[in-house]
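Numbering (my numbering), first residue to last: 76 to 234.
Heads up, the beta-carbon is just placed ideally off N, CA and C, and yes, glycines get one too.
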């Protein structure tokens, strides 16, 4: 007799075993669940993804695995927060750098019309704020911005 388990079975929060493994940083379990067909894009009742949970809890190796598998790094939860919001709030600087390197959109607003840099400024996260600003400068250069920081046509984002 062979027993099969549903790897995407949900609990009362709408979370699957993958959410718990991502939250706790159990990379080997995350890999196993993925190999068994677990959906990396599944959302819980708060519309968070496993990436949100890994970022919120500072699980850098799990974040790297999920991104390598192609998850949407700009997915929003029900409050409009991306994974970038989660790492800013919890001060996981290495993950901030990693998300920025993979091109996370730094201008996605949450339901309060805040962008991640607003969170860093409000909470005094100077090092993380500097990484965001440096990333923004690099983006401007890639978009044809001049040495004065102008993006094509002289438009500057208002913060």
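Could you tell me the alpha carbon to alpha carbon distance between residue i and residue j, rounded to whole angstroms?
{"i": "residue 182", "j": "residue 106", "result": "31 Å"}
{"i": "residue 192", "j": "residue 78", "result": "49 Å"}
{"i": "residue 135", "j": "residue 175", "result": "13 Å"}
{"i": "residue 118", "j": "residue 95", "result": "13 Å"}
{"i": "residue 101", "j": "residue 189", "result": "32 Å"}
{"i": "residue 99", "j": "residue 169", "result": "17 Å"}
{"i": "residue 131", "j": "residue 137", "result": "11 Å"}
{"i": "residue 165", "j": "residue 123", "result": "16 Å"}
{"i": "residue 103", "j": "residue 92", "result": "13 Å"}
{"i": "residue 150", "j": "residue 121", "result": "12 Å"}
{"i": "residue 84", "j": "residue 109", "result": "14 Å"}
Excluding the five sequence neighbours on either side, which residues of its own chain have a C-beta within less than 6 Å of the C-beta of residue i, listed in chain order?
{"i": "residue 154", "result": "185, 186"}
{"i": "residue 167", "result": "133"}
{"i": "residue 146", "result": "115, 126"}
{"i": "residue 129", "result": "97, 137, 138"}
{"i": "residue 86", "result": "none"}
{"i": "residue 212", "result": "No answer about residue 212 holds up, because its pLDDT of 47 lies below 50 and its placement is not dependable."}
For the candidate residues the options, whose alpha-carbon lies nearest to that of residue i?
{"i": "residue 179", "options": "167, 188, 165, 157", "result": "157"}
Which residues in the same chain have their Cβ closer than 7 Å to the Cβ of residue i, if we skip the five residues on either side of it in sequence?
{"i": "residue 127", "result": "152, 158, 161"}
{"i": "residue 142", "result": "148, 177"}
{"i": "residue 111", "result": "82"}
{"i": "residue 90", "result": "119"}
When DSSP labels each residue in this structure, what does residue i get in the three-state scheme?
{"i": "residue 175", "result": "helix"}
{"i": "residue 168", "result": "helix"}
{"i": "residue 194", "result": "helix"}
{"i": "residue 163", "result": "helix"}
For this session: Can you check the segment 79–161 for any alpha helix (DSSP H) of at least 4 residues that lies completely inside it and give the ranges in chain order?
Result: Segments of the alpha helix (DSSP H) lying fully in the segment 79–161: 92–99, 102–110, 125–131, 135–143.
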